[in-house]
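Residue numbers (the working numbering), protein chains in the order written: chain A, -5 to 431; chain B, -5 to 431. We treat Cβ as the ideally placed atom computed from N, Cα and C, and that holds for glycine. Contents: one structure, followed by commentary.
Protein chains: 2
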Amino acid sequence: MLELTLNLPETDLPRIVVIGAGFAGLTFARKMIGKPYQVVLFDKNNFHQFQPLFYQVAMAGLEPSSISFPLRKTFQKAKNVFIRVAEMESIDQEKKVICTNQGNVTYDYVVIATGAVTNYFGNEKIKQSTLGLKSVGEALNLRNEILNDFERALQVPSYDKRQALIDIVIVGGGATGVELAGSLAELKKYILPKDYNELDAKEVDIYLVQGGDQLLLGLDPKLGKIAEDYLRKMGVRVLLNARVVDIQDNFVMMKDGSTIEARKVIWAAGVTCQEVTGLPKENYHRKNRLIVNQINQLLTDQSIFVLGDAAFMESEDYPNGHPQVAQPAIQQAKHLVKNIKKHGFENMGNWKPFKYNDLGSMATVGRNKAVVQLPKFNLRGFFAWIIWLGVHLYALIGVKNRLIVMFNWIWNYFTYDQSLRLIIKPQSNKKETDNTI
Amino acid sequence: MLELTLNLPETDLPRIVVIGAGFAGLTFARKMIGKPYQVVLFDKNNFHQFQPLFYQVAMAGLEPSSISFPLRKTFQKAKNVFIRVAEMESIDQEKKVICTNQGNVTYDYVVIATGAVTNYFGNEKIKQSTLGLKSVGEALNLRNEILNDFERALQVPSYDKRQALIDIVIVGGGATGVELAGSLAELKKYILPKDYNELDAKEVDIYLVQGGDQLLLGLDPKLGKIAEDYLRKMGVRVLLNARVVDIQDNFVMMKDGSTIEARKVIWAAGVTCQEVTGLPKENYHRKNRLIVNQINQLLTDQSIFVLGDAAFMESEDYPNGHPQVAQPAIQQAKHLVKNIKKHGFENMGNWKPFKYNDLGSMATVGRNKAVVQLPKFNLRGFFAWIIWLGVHLYALIGVKNRLIVMFNWIWNYFTYDQSLRLIIKPQSNKKETDNTI
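Written out as structure tokens, the structure reads:
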């Protein structure tokens, strides 16, 4: 058995341990490059993943690598930042130690930026019978499942038996659900008739199940209605005020007693946060968000900070906390660095409170179709779509990723046809020999 | 349990079953588009993979999708070609039936283009303790293993214990071995010091083990020597006249009694062919190649044709059969189609014998370093390298793949640094529910 330790260099600098390399953690660590702290960045992956475009990976519109960026490349020139591919297991506030699956590390300060995970509302059965979309790995798996099932559907002569393979149910009418439903509808319209001309594409039904009476909750209801109209025109079966109560043997059971047969149920019905073992209960708000003050400091511990989706910061404008999207995460990270740089941890009394600057929200439904809510006005259609594209390109990390994604989008726009419909998995006939080292 | 059948449409046309969508099978099927035959193309993947560039995928220089092409996209407009993702299990010559893992199909003619597989010389232990490079899946796995091991090496304080994680042994000094060793040396030189500056890149040893006394057997020995010099200058430990006899607990045992400790042993020591269950023994030549006459027809069956790596065709210039590379496969496929088009299967007596037109052989060792053997003269260095790039770009399928690969190469040439060092795997928490359909 090979013994792994975190093997971090000794230092006289205060050590800040950052947990998670999503928008918040990565922004924080990048802004701390060259500052007089030792920054240790943990993530379970060796890359940052750009969550807003997972659905395009799932729909074979982009490659995972186009929306992922190797952490080590980002920090090649950073002498004070150390990256470890590890998962936090617990925190010991008294000894100031973070325990990970790769070993333990002492800290002076901690930045928790663990983000959010899919919310199955405690229903283990739903978790095991649905597909998630909270990592590029899951996106890639969804792509493989969809393509595999189409291949298999060709081989099923009976119409009835084929349905479970080709129909798809998306649960959750937020941005993820809407964008996924829209791009599935485009796959059905533009790709299936060409790639699978032995199948009748009309057989494919796409369901979008939303608990409330509008899509894109949190946006102006008018925009939710526009997105709904777009989707309906594209042939998506939008079910409002509908709730999934159970999933059994490929049958999705709805609250009203109806059922839908589908092998693929995509669960995008909300998020929650992972509990951090070791933190006392009183730190948690609803959905396991950690309660922080206006400088993102944990309620019960001055040396622990929480950023992004995992943080619950109450404010006048946001009594339910900030939306769990990229912007608050990035802004909080930048703000925290600013406070540290200006005053150091010694003078936290002088730190400025965080104020969220809402730049707007948006969702895209398909080509030339998007809705954008800006602070002063709303946009829809082609212009909204162009803004959506621009904002997402700009937000991607890495010049090369931007160029490749742009190239893919332009190619796709004119050809209506990507060439990424590949069912690829890592393969090996090697037996694991770790225990022999 | 969902019952799958091949579910092929009834037809009055003669049915040609093509097994394998490598260079030979794909070329054959493409050239048969629109001809009065029903062509059924089987492959275990839903894509064609461009084998000559697997090593660049393994070295995180290219994405799998850049060198793979979805079969369905190739045949979108082909009404007479049917694709099934299936593996051949056996052939019944009497009943003229091909059995696959997805069901059986009758045939009028068969084209076997199953290519070659890694040759472990019957040593199951070596198979299970080494990594192969005969599919994009294996290439991706190799990439993940290399990156994972570097991450882990950071976490091992002891120099001795670290070696097994970072040293790499390549067995086989053919084109695959040479190209892999060269690009590993470049990874060590250009990438490691930047990405893993906590490690001393000099610790990384790359071994290339060759049984004979020269590299690139089959090419002009002078070119093998040049490749060897290139590699040695790049720091690769080239071991000639060396043979691996056993692998135990991460130790590679050599015939001369020496050992090398390495967790990753890449086996590129030769190829063999898979036996086809049902074909009588007398059809097999060395390494399971199927003996064919000058029109690629199986020795014992006029309705079965064999193309490419799997075929053994004796000729004056090639008493040991054609080299098992792309060109003979492509040329044989084209030639077979020409014979069918001109004379039909009814007049096989008039078919012209195949003649291989050797366009040359080549291998690249690194940037600006390649060797090219043309019928009339040889090339080395920068010009050889440019020719290597051009030929490989030209041979890729799909305009978009060519553009993306070219873009990647140019990017890499100037930045010395790709951004594809991602450890990505498909992920799911879904339990397999197939048996419930």
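With 16 as the cutoff for other CB atoms within 10 Å, does residue i come out buried or exposed?
i, result
"N406 of chain A", "buried"
"F44 of chain B", "buried"
"Q157 of chain B", "buried"
"N402 of chain A", "buried"
"L151 of chain A", "Per the sequence shown, the amino acid found at residue 151 of chain A is Pro instead of Leu. It is exposed - the Cβ of P151 of chain A has fewer than 16 other Cβ atoms within 10 Å."
"N429 of chain B", "Residue confidence is low: N429 of chain B scores 38 on pLDDT, short of 50, so the model does not pin down where it sits. Its coordinate-derived value is still stated next. Classification for N429 of chain B: exposed."
"K275 of chain A", "exposed"
"V239 of chain B", "exposed"
"T170 of chain B", "buried"
"N244 of chain B", "buried"
"N333 of chain B", "buried"
Answer with yes or no whether the minimum CB distance from residue i to chain A is below 7 Å.
i, result
"D37 of chain B", "no"
"G384 of chain B", "no"
"G405 of chain B", "The identity of residue 405 of chain B in the sequence shown is Trp, whereas the question assumes Gly. Output row for W405 of chain B: interface = yes."
"S177 of chain B", "no"
"P58 of chain B", "yes"
"E269 of chain B", "no"
"N95 of chain B", "no"
For the putative contact between residue i and residue j, defined by C-beta atoms under 8 Å, what is the C-beta separation to the nearest angstrom?
i, j, result
"V286 of chain A", "F306 of chain A", "7 Å"
"V163 of chain B", "I254 of chain B", "6 Å"
"T266 of chain B", "N282 of chain B", "6 Å"
"V130 of chain A", "V51 of chain A", "6 Å"
"A262 of chain A", "L178 of chain A", "Wrong, their Cβ atoms sit about 12 Å apart, outside the cutoff."
"V198 of chain B", "D161 of chain B", "7 Å"
"L225 of chain B", "G168 of chain B", "No, L225 of chain B and G168 of chain B are not in contact; Cβ-Cβ is about 13 Å, not under 8 Å."
Along chain A, in chain order, which residues have C-beta atoms closer than 7 Å to that of residue i?
i, result
"E197 of chain B", "Near E197 of chain B there are no residues of chain A at all, since even the closest Cβ is about 14 Å away, more than 7 Å."
"K394 of chain B", "W405, S413"
"V300 of chain B", "The contacting residues do not exist; V300 of chain B stays about 26 Å from chain A at best."
"P461 of chain B", "Outside the shown range of chain B (-5 to 431) lies residue 461 of chain B, about which nothing can therefore be said."
If you check the beta carbons only, do residue i and residue j fall under 7 Å apart?
i, j, result
"D143 of chain B", "L127 of chain B", "no"
"F22 of chain A", "V12 of chain A", "yes"
"V230 of chain B", "L273 of chain B", "no"
"R237 of chain B", "K219 of chain B", "no"
"A304 of chain A", "F17 of chain A", "no"
"R9 of chain A", "D102 of chain A", "yes"
"L125 of chain B", "L136 of chain B", "yes"
"F63 of chain B", "G392 of chain B", "yes"
"L141 of chain A", "P58 of chain A", "no"
"L387 of chain B", "R396 of chain B", "yes"
"G212 of chain B", "A107 of chain B", "no"
"Q70 of chain A", "D295 of chain A", "no"
"L65 of chain B", "F36 of chain B", "no"
"T358 of chain A", "S84 of chain A", "no"
Beta-carbon of residue i versus every beta-carbon of chain B: anything under 7 Å?
i, result
"N290 of chain A", "no"
"E132 of chain A", "yes"
"I106 of chain A", "no"
"V79 of chain A", "yes"
"R415 of chain A", "yes"
"L390 of chain A", "no"
"E118 of chain A", "no"
"T170 of chain A", "no"
"T253 of chain A", "no"
"L(-2) of chain A", "yes"
"P145 of chain A", "Here residue 145 of chain A turns out to be Glu, not Pro, going by the sequence shown. True, the Cβ-Cβ gap to chain B drops below 7 Å."
"K363 of chain A", "no"
Taking Cβ-Cβ distances shorter than 8 Å, what residues in chain A pair up with residue i?
i, result
"D189 of chain B", "P64, R66, K67, Q70"
"L141 of chain B", "N40"
Could you work out which residues of chain A lie near residue i, taking near to mean beta carbons separated by less than 9 Å?
i, result
"Q50 of chain B", "Neighbours of Q50 of chain B on chain A: none; closest Cβ ~13 Å, over 9 Å."
"Q318 of chain B", "What Q318 of chain B touches in chain A: nothing, since even the nearest Cβ is about 21 Å away."
For residue i, return the contacting residues in chain B, with the cut-off set at a CB-CB distance below 8 Å.
i, result
"G360 of chain A", "None at all; the shortest Cβ gap to chain B is about 21 Å."
"V12 of chain A", "Going along chain B, no residue has its Cβ under 8 Å from V12 of chain A, so there is no contact; the nearest lies around 17 Å."
"L148 of chain A", "N1, R78"
For residue i, return the contacting residues in chain B, with the cut-off set at a CB-CB distance below 7 Å.
i, result
"L368 of chain A", "In chain order: nothing, as chain B lies at least about 32 Å away."
"P420 of chain A", "G131, L134, N135, N138, K419"
List, in chain order, every chain B residue whose beta-carbon is nearer than 9 Å to that of residue i.
i, result
"G126 of chain A", "Q421, S422, N423, K424"
"P8 of chain A", "What P8 of chain A touches in chain B: nothing, since even the nearest Cβ is about 20 Å away."
"K442 of chain A", "Residue 442 of chain A lies beyond the range of chain A shown here (-5 to 431); nothing can be said about it."
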